[in-house]
Amino acid sequence: MDLGMNFNRLSRTEKIMLYIDNITPTLNKRALFSDGTKLFRNPSEPMPGDDVKIRFRTARENVDEVILVCDGKEIPMSKESSDRRFDYYQAVIHVDDNKVFYYFKIKTGRFCCYYNKKGIAYEVQDWYNFSIDPGYKTPDWAKGAVMYQIYVDRFCNGDTNNDVVDKEYSYIGDMVREVNDWNKYPEAMGVREFYGGDLAGVIKKLDYLKDLGVDVIYLNPIFVSPSNHKYDIQDYDYVDPHFGRIVKDEGEVLNDGDFDNKHASKFISRVTSKENLEASNALFAELVRKAHNMGIKVILDGVFNHCGSFNKWLDKERIYEGVEGYEQGAYVSKDSPYNSFFKFYEEDPGKWPYNNSYDGWWGHDTLPKLNYEGSKKLENYILNIAKKWVSEPYNVDGWRLDVAADLGHSGEYNHLFWQKFRESVKEANPEAIILAEHYGDPSSWLQGGEWDTVMNYDAFMEPLTWFLTGLEKHSDEFRGDLLGNHEAFFGAMSHHMAKFNTQSLQVAMNELSNHDHSRFLTRTNRRVGRTATAGPEAANANVNKGVLKEAVLIQMTWPGAPTIYYGDEAGVCGWTDPDNRRTYPWGHEDKDLINVHKELIKIHKNYDALMTGSIIFLGGGPMYLSYGRFDDKDKIIVAVNNHFDSLSMEINAWELGIDDADTLVRLILTTEDGYDLSTQFYRTQNGILHLTLPAVSGVIIKNSTAM
Numbered sequence: 001m002d003l004g005m006n007f008n009r010l011s012r013t014e015k016i017m018l019y020i021d022n023i024t025p026t027l028n029k030r031a032l033f034s035d036g037t038k039l040f041r042n043p044s045e046p047m048p049g050d051d052v053k054i055r056f057r058t059a060r061e062n063v064d065e066v067i068l069v070c071d072g073k074e075i076p077m078s079k080e081s082s083d084r085r086f087d088y089y090q091a092v093i094h095v096d097d098n099k100v101f102y103y104f105k106i107k108t109g110r111f112c113c114y115y116n117k118k119g120i121a122y123e124v125q126d127w128y129n130f131s132i133d134p135g136y137k138t139p140d141w142a143k144g145a146v147m148y149q150i151y152v153d154r155f156c157n158g159d160t161n162n163d164v165v166d167k168e169y170s171y172i173g174d175m176v177r178e179v180n181d182w183n184k185y186p187e188a189m190g191v192r193e194f195y196g197g198d199l200a201g202v203i204k205k206l207d208y209l210k211d212l213g214v215d216v217i218y219l220n221p222i223f224v225s226p227s228n229h230k231y232d233i234q235d236y237d238y239v240d241p242h243f244g245r246i247v248k249d250e251g252e253v254l255n256d257g258d259f260d261n262k263h264a265s266k267f268i269s270r271v272t273s274k275e276n277l278e279a280s281n282a283l284f285a286e287l288v289r290k291a292h293n294m295g296i297k298v299i300l301d302g303v304f305n306h307c308g309s310f311n312k313w314l315d316k317e318r319i320y321e322g323v324e325g326y327e328q329g330a331y332v333s334k335d336s337p338y339n340s341f342f343k344f345y346e347e348d349p350g351k352w353p354y355n356n357s358y359d360g361w362w363g364h365d366t367l368p369k370l371n372y373e374g375s376k377k378l379e380n381y382i383l384n385i386a387k388k389w390v391s392e393p394y395n396v397d398g399w400r401l402d403v404a405a406d407l408g409h410s411g412e413y414n415h416l417f418w419q420k421f422r423e424s425v426k427e428a429n430p431e432a433i434i435l436a437e438h439y440g441d442p443s444s445w446l447q448g449g450e451w452d453t454v455m456n457y458d459a460f461m462e463p464l465t466w467f468l469t470g471l472e473k474h475s476d477e478f479r480g481d482l483l484g485n486h487e488a489f490f491g492a493m494s495h496h497m498a499k500f501n502t503q504s505l506q507v508a509m510n511e512l513s514n515h516d517h518s519r520f521l522t523r524t525n526r527r528v529g530r531t532a533t534a535g536p537e538a539a540n541a542n543v544n545k546g547v548l549k550e551a552v553l554i555q556m557t558w559p560g561a562p563t564i565y566y567g568d569e570a571g572v573c574g575w576t577d578p579d580n581r582r583t584y585p586w587g588h589e590d591k592d593l594i595n596v597h598k599e600l601i602k603i604h605k606n607y608d609a610l611m612t613g614s615i616i617f618l619g620g621g622p623m624y625l626s627y628g629r630f631d632d633k634d635k636i637i638v639a640v641n642n643h644f645d646s647l648s649m650e651i652n653a654w655e656l657g658i659d660d661a662d663t664l665v666r667l668i669l670t671t672e673d674g675y676d677l678s679t680q681f682y683r684t685q686n687g688i689l690h691l692t693l694p695a696v697s698g699v700i701i702k703n704s705t706a707m
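Mapping the sequence shown onto my numbering, position 238 (from 1) lands on 238, and the numbers just tick up by one.
Written out as structure tokens, the structure is:
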């Protein structure tokens, strides 16, 4: 570096780093390590009253002193043990009911540096401190669990008797339509299309899911709703009979788009009949029971920020008016018991209802926002719903919470509600998981009293899709500067992962695709587009299955719960919503992709290091990267080459504690053409693994001493 020309352009932190690098060249910074896993913090999820052993790793005989700085108090750490390459320091702290923050100070000579959740630092950075929330525990079954997301209408039609039929009802100004061609692409405005997928179809495919290696099924909303996505819930107490069972079927389909003949319509008889509703709930209980018998958990989608204008509490479309067993909705009568459930405006004393002037989520009158602050009755109702479905006879294993940060009219109430929600759910089922949809920093909800974790966009989906495809997760933007940029990848991952506690990170839902974003396989074409502008066929063009395999390989080796969006494993493509909601291609599956998913899932589940172990970034360059996972038993190296040519790389295997005497064995190699499970052995030279990977490939390698 030409210091005369460039030194003044450096940031303060960069100047400090340059200074220390020149003054203390003997400090082996890459050897410094600690995290919140049980190898470096034991117990990793302490309870109030516990003594907690904190450990820190340095290069052998390389530092003068390691100090644990805990809540501002400096605690000298003693050297606990050493091996051929590292020294391990420890200190014991006692925790009570209060949250604890800590970081490490490393001294060598007259200089010191710091270590926090993001890694080495040259100044104290409080926002990256390690933390302990005594009593905060996430379910052990969810740590590293393989999840499978099912958009029910598009997965499998197991019962044709419950299918939505043409003109059964009107939804958002037009008639709904039954789709008879299972393989048809969804229309650009496909919210009124119904393909017939149902819970009977999920039951029918449980064997397939078990064979794939799935531990958990996450179902998009299944409660009564007029849409195929069901994020506008009509009745939280019951499963939609179109997904469940229709045992009583009366009435006729509509001839136009209104509900003048609502009491004779087939739709009303189907979704208000208590016989149908109870039969549908019973079918769902059967699904959960069968899944549990196979060792598979079930998570429901909770849409509690808003409901639908069809909801029995509002009844804007007057579906429930006069139907036996239902009270009048808030839109129908000022005397409705549900009037406080919604926030109305522009009251006209001489007129009811309020001319559509109620609070709608993002202004949508079809999605009335629930008015919790104005109704204790509503709050109690939803808390009872939360408890009902995790209790007998349904016994679901948790909730995924839709737009969870939006609930309520203030941040203060939002946090208060989720505290109550957690108490209700955990009281009924202490092992249930509470998993929220959230974009951005989730840390204020992950303090032990609200959510367990989130759908992991910031610390998984987004950095990964930028690195491997250069595309934003909706396929709405291409960034050539982020494609293959390993520094941006590791920088984003380390920053956003630092916002999690370890127990939250280990259960975070790590998805490549879902119902809100384009299919990952489509993103591999590096093309910006949507079905309305480019057409659905373009989503299938020029995709690269090798890149998808790289992504799955990373997904199955990254901290968290790898989550497959139904059909991704079978080669389904699609632009963002609604094209991402194509049907599962039964009979036309990509068997190679399914098989590589199976093999990678097996590897993921075979090693605790991949489920709950530490992660360390080993390095990379343009279009390639490598990282390691390890615990006290296994040391695993993961590397991907996203180039269209073969590539040789040098990997710092010594950072995992791998010695030149260790034999390393390849577990799998994925390529554009397939995958290879044949055994290949490696040795390091001076701690460096010299590795050559073919074009668009990924590899998992581990120490062979504990195969």
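The C-beta atom is built at its ideal place from N, Cα and C for all residues, glycine as well. Given the structure is predicted, the values throughout are model-derived calculations rather than measurements.
For residue i, does the count of other Cβ atoms within 10 angstroms reach 16, so buried, or fall short, so exposed?
i, result
"MET649", "buried"
"HIS486", "buried"
"THR692", "exposed"
"MET294", "exposed"
"THR272", "buried"
"ALA541", "exposed"
"THR26", "exposed"
"ASP452", "buried"
"SER444", "exposed"
"THR160", "exposed"
"TRP466", "buried"
"MET189", "exposed"
"PRO559", "buried"
"ALA532", "exposed"
"LYS38", "buried"
"THR663", "exposed"
"GLY257", "A caution first: GLY257 carries a pLDDT of 48, below 50, which makes its placement in the model unreliable, though a value can still be read off. Per the 10 Å Cβ criterion, exposed."
"THR366", "buried"
What residues in its chain sit with their C-beta under 6 Å from that of residue i, if we drop five residues either side in the sequence?
i, result
"ASP406", "ASN305"
"LYS117", "TYR128, PHE130 and ALA498"
"ALA59", "ASN28 and ALA31"
"GLU431", "PRO139"
"ARG479", "GLY470"
"ALA91", "ILE54, LEU68, ILE75 and MET77"
"GLN234", "VAL224, SER225, GLY308, PHE310 and ASN311"
Mapping the DSSP letters down to three states, classify residue i as helix, strand or coil.
i, result
"PRO76", "strand"
"ASN42", "strand"
"ILE382", "helix"
"ILE172", "coil"
"SER646", "coil"
"VAL711", "Shown here, the chain extends from 1 to 707; a query on residue 711 therefore has no answer."
"ASN261", "Reliability of the predicted coordinates at ASN261 is poor, the pLDDT of 49 falling under 50, and no value is obtained from them."
"GLN149", "strand"
"VAL202", "helix"
"GLN90", "strand"
"LYS420", "helix"
"GLY374", "helix"
"ASP324", "The amino acid occupying residue 324 in the given sequence is Glu; Asp does not appear at that position. GLU324 falls in the coil class under three-state DSSP."
"PRO368", "strand"
"LEU600", "helix"
"PHE490", "helix"
"ILE594", "helix"
Mind checking who residue i pairs with in its DSSP beta bridge?
i, result
"PRO562", "ASN510"
"SER626", "GLY619 and ALA639"
"ASN116", "GLY119"
"ILE433", "GLY398"
"LEU691", "MET649"
"ASN544", "Looking at the DSSP assignment, ASN544 forms no beta bridge with any residue, so it has no partner."
"MET455", "MET509"
Heavy atom of the ligand HEM less than 7 Å from the Cβ of residue i, yes or no?
i, result
"ASP645", "This structure simply doesn't include the ligand HEM, nor any ligand for that matter."
Quick one: residues in its chain with C-beta nearer than 8 Å to the C-beta of residue i, no 5 flanking neighbours on either side, listed in chain order?
i, result
"ASN281", "TYR238, VAL239, GLY244 and TYR394"
"ILE150", "VAL202, ILE217, TYR218, LEU219, ASN220 and TYR566"
Less than 7 Å between C-beta atoms, sequence neighbours within five positions excluded: which residues of the same chain meet that for residue i?
i, result
"SER513", "ARG519, PHE520, TYR565, ASP568 and ASN580"
So residue i and residue j are supposed to be a Cβ contact under 8 Å. How far apart are they, rounded?
i, j, result
"GLY302", "ARG177", "About 28 Å; that fails the 8 Å criterion."
"PHE223", "TYR584", "Going by Cβ atoms, the distance from PHE223 to TYR584 rounds to 22 Å, so no, they are not a contact pair."
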